[in-house]
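S.K.: Protein sequence lines, in the order shown, are assigned to chains D and B.
Counting with our numbering, you get residues 1 to 622 for the letters of the first sequence.
Counting with our numbering, you get residues 1001 to 1622 for the letters of the second sequence.
Protein chains: 2
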Amino acid sequence: MGIHQFVPLAKVTIDDAFWNPRVAANRTASLPAIYQYFKKTGRIDAFALSWRPGQQPEPHYFWDSDVAKWIEAASFCLQQQPDAELRQLVDQVVDKVCGAQQPDGYLNVYFTVVKPENRWANLRDYHELYTAGHLIEGAVAHFQATGSRKFLDAMNRFVDLIDATFGPEPHKKAGYCGHEEIELALVKLYHVTGNQRHLRLAQYFVDQRGRQPCYFDSERPGYNLPGSEKGDYSYVQAHRPLREQTEVVGHAVRAMYIYTAMADLAAETGDAALAAACRTLWDDLTQRKLYVTGGMGSSRHNEGFTRPYDLPNLTAYAETCAAVGLVFWAQRMLRLSCDGRYGDMLERALYNGVISGVSLDGRRFFYENPLASVGTHRRQDGFWCSCCPPNIARLLASLGQYVYSVAPGELAVHLYVAGAAEAEVPGGPAVALTTQTRYPWEGRVRMMVQPSRAAAWTLRLRIPGWCRRSQVLVNGAPVESRVERGYAVLARTWEAGDVVELVLEMPVERVRAHPAVVQDQGRVALQRGPLVYCVEDADHRGSVHQLVLPEDAELTARFDPELFGGMVVVEGQAQAYAAAEWGDGLYRAASVARTGAALRAIPYFAWENRQAGGMAVWLASG
Amino acid sequence: MGIHQFVPLAKVTIDDAFWNPRVAANRTASLPAIYQYFKKTGRIDAFALSWRPGQQPEPHYFWDSDVAKWIEAASFCLQQQPDAELRQLVDQVVDKVCGAQQPDGYLNVYFTVVKPENRWANLRDYHELYTAGHLIEGAVAHFQATGSRKFLDAMNRFVDLIDATFGPEPHKKAGYCGHEEIELALVKLYHVTGNQRHLRLAQYFVDQRGRQPCYFDSERPGYNLPGSEKGDYSYVQAHRPLREQTEVVGHAVRAMYIYTAMADLAAETGDAALAAACRTLWDDLTQRKLYVTGGMGSSRHNEGFTRPYDLPNLTAYAETCAAVGLVFWAQRMLRLSCDGRYGDMLERALYNGVISGVSLDGRRFFYENPLASVGTHRRQDGFWCSCCPPNIARLLASLGQYVYSVAPGELAVHLYVAGAAEAEVPGGPAVALTTQTRYPWEGRVRMMVQPSRAAAWTLRLRIPGWCRRSQVLVNGAPVESRVERGYAVLARTWEAGDVVELVLEMPVERVRAHPAVVQDQGRVALQRGPLVYCVEDADHRGSVHQLVLPEDAELTARFDPELFGGMVVVEGQAQAYAAAEWGDGLYRAASVARTGAALRAIPYFAWENRQAGGMAVWLASG
């Protein structure tokens, strides 16, 4: 099998009962809300470079990246749906951004007007190349959406400057960014420009990272890295060369971004060592450090990883951006290897820990996505550190590019999203695919295949890891399909009008965590299909933290048309600790009585869309 | 019943199998180690006032309190056992301290040599009166140990200055300290001087605290109070007048110190409102915010209290000083009311969360006392913020003063510690008591009563709350004694040679937490007598965090002479999650298999005295 190429956004149409409301809220509510927040806080107008010392607000060194991500999200929307008003606004913002570019190609408001003398002086702490990376991603998306080369050309000039500044040559700085991002952005740029220097610069940043002595030792630090001894750069994944890293460590978002770039480069260059490092790191993440929601980075302290199996629920940091980053990384791993282990995690993150980051109306956001709450954790309109809202916005606006991929002689379906796609099977025909499904509420998927000509090629359909029994039908007849690394392999001569049906059994399941996850011992999470469920006080008489789910309690799934426009809820007869009977004491020898209690669980992503109250993913069991 | 007076340290001798090693390690190891640490770090020599700007180390604003607590601890040791060498050293240190006193009576190294212009300028943040309080406590103990008035007189002059500076009169500052301490110190000083002004000054500080508008609003803050919005002074218990406070909040040590002073004042002045506030706060602490070890203040963030029932084990802050403070407060509550609820908590803290703060050899200290560990939490030789080591040292050196109290016509025994005491029963005879016991290893206590003359008075013996069956014998014959608020009441005519025996059944018990303590749901702690037990990796083949204790597993207590010179261990046949069988995944539907595993629990206070490894107080149950 060769490297997979994902079918680009412009070739995919989404028309899906589950995703349409998410995508629409993103376009009509999140995007304007984020713009307004950035406008109000001065991030947009900062590009005018009119700030003078003493003025408030002072532009921050990562503000440019916020605006760049908004441009990217808006451009993805434009690729999906023409919108003259949005187009005009995006172009205005792009004009402002480009207007801040310096004659030598440099672009960063903070290091132009606030601390021009500090340009490239503290790569570890000041996100300078990170910001460049987001500008590049924004420019690529803007070009793809509009055909305008203005932003793209500006970023090409910026990258020329960066390329002239950083590299292995003696006259260049041997540095790289404390917050990874530019590496994956340069690969995206290369895909558009075909300029090998862009790919080589990404490769340089990846190769150089963690080389000893560490470049950061030559800088004057701006602050102590969280939770790190002096000289320990694991917080920024620079404690040793990336190829030698075996454990996911440090700041979770940075980790996801650099692993994404590593997989990107492995796909572009065939670098087996990078690919192997990615697989090792993937196993460490998914076998030891990932929440059941696809969230990660359990500690607020370093916004990142701690020790294996340390997955507290109430205090889970699980930054939205980190789950978004996992979707990026999983997609790149699927390019390297069409393996269900990657598709499963892409799906897990997307349907749970990513979309929990935004309210159903698109107006409020979580920075942190805990797996339990006592009712005090609420979504916010915006954050001073605004990375998460535009990150989820650009992911939802570009959802189509995570669904299908092609490789020589084959087409793979990774997610089940109703809509249509047009793909070119390398060495095969052009294929129009139409997908009908009520996934994830139901497990039945119907795909109409319209190849441009009858030809033999292979259709790969992901059989999700959560699914124990599945069936594939072609033109109404069951077929015995081989399942290869999590994908049903349908190799045949496809003709126009062929219909493939996939039936995935989707019962409610009790999920248990590895016993080393102390916080989840004696507890179960409920999952149905790709959706992890949670219980909220809003659906219960007492605190959900007092619920106990007997092992033998029957659980039923039911579509509730009244809940948020229609969602499948999970219901059953459970018990609750009789806290009232306990009395005043805090400790006693006698065990705790229980009473009967109806249990009603809703999808995790939909929590905190009613009144404030407790929430729990992991239920006491037994 | 009247107010109880505790039999003073000088009148109590301890000769106890359990406590002798603790007290000896404290005197021979902790006290010299703490002195050396203070000497090495410049805290002792700072009193020479020779610091000049730019020199390192710069004296810190709370250094004086560290040295004062060492003087106090050493003076307590001298009260228990003459020691010419120690006496000489203490007097030298006292000379140094007194040498730093300014002509106007002021004494604080930092505000004399580092920031003299800031004297009394930021009471909220800079511990200036707190430091004065510890100096006063040191002076009182030094006077009681040596008869020398030097330090005491110096502190009287300092208090004169403080009294002239603070108070309700218009020409005085209406302030009080952000870190409470001086309030209880002034009551101690009053007990020695009989000077009503000392009591009134304590009363002023207590009355003034939390009055609106808050005094701290008139200061320029040095930093944001942890976890507090601007203008919220709950971190320092000044959010409202103390009499109106109903919930223990904020920094735990500060809370314990001010509640101690409130109870002190209630006992001295009969202030019923203060006593009532103390009782309400006591209930809030012991019914909602106290670890089973007597530790408290679950959060590192504010070194203090969070919401009710929030008692995480692994991340428990549970500062040693806070448990020490609970012993102080409980003793003062016993003065107000000879009620077992106070004696029980005094005992719980003392035998568990206090003495866990120091290693068995007296050389290493815990600042934090978590109830679970993955092996990374180790005792340290010293801390930059050195409050805990001298705090536990002064408590262990003064243990005798927490054992017996007298009130008109009665003598009460609160703790069962072998040794002797001489007490004057108000309105009754002088009584010499000799106690023999192997408590807490065994539940049998034998007391010989030697009154100066045969007379009728009441002996109160605390029947611990953990004890379900007890028996009292007088001169070998069982007596039916009334138990009044947790104390067996023995009212009779006592004659020389009377022997009282108390038999407390002491089985191993499974303790459960209120179900609102989510972290302890489905878990049990083991307790025998006053001792809370824990399991350590050192005694088990795998991780203790994988142990499961079946509800019906028999648990036996056995004295193990090999363990740390002899301790009772708790043993039984338990199970362990079969983590090895689980495989690579992090989540799955199938439940976790278990295998048989021998369980061996040791007293909590003795943990982390062998190799690094996991520890748990709360065991999975079922």
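Glycine included, every Cβ here is placed at the ideal spot set by N, Cα and C.
Got a sec? Which residues, its chain only, sit under 8 Å from D/Phe328 by beta carbon, not counting five neighbours each side?
M.R.: Excluding residues within five positions, the ones whose Cβ falls inside 8 Å are Leu184, Met256, Tyr257 and Thr260.
S.K.: If we call anything under 8 Å between Cβ atoms a contact, is D/Lys188 one with D/Glu268?
M.R.: No, the Cβ-Cβ distance between D/Lys188 and D/Glu268 is not below 8 Å.
S.K.: Please list the segments of the alpha helix (DSSP H) lying wholly inside the region 127-171 of chain D, counting only runs of 4 or more residues, in order along the chain.
M.R.: If we require 4 residues or more, the alpha helix (DSSP H) runs fully inside the region 127-171 of chain D come out as 128-146 and 150-165.
S.K.: Where D/Pro168 and D/Ala202 are concerned, what is the direct C-alpha to C-alpha distance, given to the nearest angstrom?
M.R.: Roughly 12 Å between the two C-alpha positions.
S.K.: Please list the residues of the region 1574-1595 of chain B that have a C-beta atom closer than 7 Å to any C-beta atom in chain D, keeping them in chain order.
M.R.: Cβ contacts with chain D come from Tyr1577, Ala1579, Trp1582, Asp1584, Gly1585, Leu1586, Tyr1587, Arg1588, Ala1589, Ser1591 and Val1592.
S.K.: Which residues does DSSP pair with D/Met506 in a beta bridge?
M.R.: Its beta-bridge partners do not exist; DSSP assigns none.
S.K.: How is the beta strand (DSSP E) around D/Gln575 delimited, first residue to last?
M.R.: Looking at the DSSP string, the run of the beta strand (DSSP E) that includes D/Gln575 is Met567 to Tyr577.
S.K.: Could you give the distance in angstroms between the alpha-carbon of D/Phe383 and the alpha-carbon of B/Thr1293?
M.R.: Their Cα atoms are separated by approximately 40 Å.
S.K.: So, is D/Gly476 buried or exposed, given that buried needs 16 or more other C-beta atoms within 10 angstroms?
M.R.: So D/Gly476 ends up on the exposed side.
S.K.: Once the 5 residues before and after B/Cys1387 are set aside, which same chain residues still bring their CB inside 6 Å of it?
M.R.: Hits under 6 Å: Cys1321.
S.K.: Counting only Cβ-Cβ distances shorter than 7 Å, please list the residues of the region 1275-1296 of chain B near chain D, keeping chain order.
M.R.: Residues passing the 7 Å Cβ filter: Thr1286, Gln1287, Arg1288, Leu1290 and Val1292.
S.K.: If we ignore side chains and look at the alpha-carbon of each, how far apart do B/Pro1451 and B/Arg1200 end up?
M.R.: Their backbone Cα atoms lie some 37 Å apart in a straight line.
S.K.: Leaving out five residues before and five after B/Thr1094 in sequence, what residues of the same chain have Cβ atoms less than 7 Å from its Cβ?
M.R.: Reading the sequence as shown, one finds Val at residue 1094 of chain B and not Thr. Hits under 7 Å: Ile1071, His1142, Lys1150 and Phe1151.
S.K.: Since D/Gln546 meets chain E, which of its residues come closer than 8 Å, beta carbon to beta carbon?
M.R.: Considering every chain present, this structure includes no chain E. Its protein chains are D and B.
S.K.: Quick one, are the C-beta atoms of B/Ala1174 and B/Gln1208 less than 8 Å apart?
M.R.: Yes. Within cutoff.
S.K.: Could you check what DSSP says for B/Arg1288 in three-state terms: helix, strand or coil?
M.R.: In this structure, B/Arg1288 counts as helix in the three-state DSSP scheme.
S.K.: Starting from the C-beta of B/Arg1610, find all residues in its chain whose C-beta is less than 8 Å away, skip the five residues before and the five after it, and write them out in chain order.
M.R.: Glu1536 and Ala1538.
S.K.: State the beta-bridge partners of B/Met1296 as determined by DSSP.
M.R.: B/Leu1290, per the DSSP bridge assignment.
S.K.: Please classify B/Phe1305: does DSSP put it in a helix, a strand, or coil?
M.R.: B/Phe1305: coil per DSSP, three-state reduction.
S.K.: Which residues in the same chain have their Cβ closer than 7 Å to the Cβ of B/Tyr1351, if we skip the five residues on either side of it in sequence?
M.R.: Once the five neighbours on either side are set aside, the close Cβ partners of B/Tyr1351 are Pro1440, Pro1530, Leu1531 and Phe1605.
S.K.: Could you give the uninterrupted runs of the beta strand (DSSP E) lying entirely in the region 372-453 of chain D, keeping only those of 3 residues or more?
M.R.: Segments of the beta strand (DSSP E) lying fully in the region 372-453 of chain D: 404-407, 410-413, 419-424, 430-437 and 444-451.
S.K.: Could you tell me how far apart the beta carbons of D/Tyr235 and D/Pro226 are, in whole angstroms, since I believe they sit closer than 8 Å?
M.R.: Sure, about 6 Å apart at Cβ, within 8 Å.
S.K.: Consider the Cβ of B/Ala1620: report whether some Cβ of chain D lies at a distance smaller than 8 Å.
M.R.: It does: the Cβ of B/Ala1620 has a partner Cβ on chain D nearer than 8 Å.
S.K.: According to DSSP, is B/Thr1595 part of a helix, a strand, or is it coil?
M.R.: In this structure, B/Thr1595 counts as strand in the three-state DSSP scheme.
S.K.: Check the DSSP bridge columns for B/His1251 and list the partner residues they point to.
M.R.: According to DSSP, B/His1251 bridges with B/Gly1304.
S.K.: Compute the beta-carbon to beta-carbon distance between B/Arg1197 and B/Asp1264, rounded to the nearest angstrom, for a pair I have assumed lies under 8 Å.
M.R.: The pair is not a contact, with the Cβ atoms about 16 Å apart (cut-off 8 Å).
S.K.: Just to confirm my understanding: we take B/Tyr1223, look at its own chain, exclude 5 residues before and 5 after, and list those with CB closer than 7 Å. What are they?
M.R.: The answer, listed in chain order, is Asp1125.
S.K.: Whole-angstrom Cβ separation of D/Ala318 and D/Pro370, contact assumed at under 8 Å?
M.R.: Yes, they are in contact, since the Cβ atoms of D/Ala318 and D/Pro370 sit about 7 Å apart, within 8 Å.
S.K.: Report all residues from its chain with a CB closer than 7 Å to the CB of D/Pro312; omit the five preceding and five following residues, and keep chain order.
M.R.: Taken in chain order, the residues that qualify are Ser298 and Gln519.
S.K.: Quick one: using the 10 Å Cβ neighbour count with 16 as the cut-off for buried, is B/Gln1573 buried or exposed?
M.R.: Looking at its Cβ environment, which holds fewer than 16 other Cβ atoms inside 10 Å, B/Gln1573 is exposed.
S.K.: With C-beta atoms as the reference, is B/Gln1471 less than 8 Å away from B/Val1503?
M.R.: Yes, Cβ-Cβ distance for B/Gln1471 and B/Val1503 is below 8 Å.
S.K.: Residues in the same chain with beta-carbon distance under 7 Å from D/Met345, minus the five sequence neighbours each way, listed in chain order, please.
M.R.: If we look at D/Met345 and ignore the five residues flanking it on each side, its Cβ neighbours are Thr286, Gly294, Leu326 and Ala330.
S.K.: Less than 8 Å separating the beta-carbons of B/Glu1410 and B/Ala1454?
M.R.: No, Cβ-Cβ distance for B/Glu1410 and B/Ala1454 is not below 8 Å.
S.K.: So D/Gly105 and D/Phe158 are in contact, right, with Cβ under 8 Å, and what is the actual spacing, rounded?
M.R.: Indeed, because the Cβ distance is near 5 Å, the residues count as touching under 8 Å.
S.K.: Please state whether DSSP places D/Ile44 in a helix, a strand or coil.
M.R.: If DSSP states are grouped into helix, strand and coil, D/Ile44 belongs with coil.
S.K.: If you draw a straight line from the C-alpha of D/Met155 to the C-alpha of D/Tyr37, how long is it?
M.R.: Each residue's alpha carbon lies about 25 Å from the other.
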